[in-house]
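**Q** Per UniProt numbering, the sequence shown starts with residue 1, numbered consecutively.
Backbone N, C-alpha and C define an ideal beta-carbon position, used for all residues, glycine too.
Predicted, not measured: the structure shown is a model, and the values here were computed from it.
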Amino acid sequence: MPPHRAQNGWSPDAWNKIVSEFHEKHEYVTFNKIQIQEKERELKREYKILKEVRKQSGVSWNEKRCMIIAEPTIWDNIITTFPRAKKFRKKSF
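#1: Alpha carbons only, please: which of Phe22, Lys44, Ile78, Ser92 is nearest the one belonging to Val59?
#2: With distances taken from CA atoms, which of Arg45, Lys17, Glu40, Val53 is nearest Ile74?
#3: Between the C-alpha atoms of Phe93 and Glu40, what's the straight-line distance to the nearest angstrom?
#4: So the candidates are Lys91, Arg65, Trp10; which of them puts its Cα closest to the Cα of Glu38?
#5: Ends of the alpha helix (DSSP H) at Ser20?
#6: Check Asn77 in the structure and name its three-state DSSP category.
This is the structure:
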């Protein structure tokens with residue numbers, strides 16, 4: 001296993017480096033380690049939703065806009081099956 005990875009994610013040293021580099025790149029932002037970890041979890045949840053939605057029949061992906069493309073009736077079915085996908089109907093990832 002790479003040294004920066006722990007069994008269930010990033011190692012504590014890796015998280016410290018991630019936070020440090022984040023603050024170097026975004027010096028006016030004051031997110032702490034917990035906030036950055038939560039954002040990573042949120043992005044992973046959203047990615048999993050998008051990955052499943054993209055597998056549905058009648059769904060395509062617009063690379064330029066980073067959006068799911070589907071007819072309104074298909075979107076209705078998607079939202080019924082994946083309620084959290086609703087926000088991606090008119091929003092890019």
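**A** Let me lay it out:
#1: Measuring from the Cα of Val59, the nearest candidate turns out to be Ile78.
#2: Nearest C-alpha to Ile74 among Arg45, Lys17, Glu40, Val53: Val53.
#3: Answer to the nearest angstrom: the Cα atoms are 14 Å apart.
#4: Scanning Lys91, Arg65, Trp10 for the CA closest to the CA of Glu38 turns up Trp10.
#5: That run of the alpha helix (DSSP H) goes 12-25.
#6: Asn77 sits in a helix when the DSSP states are folded into three classes.
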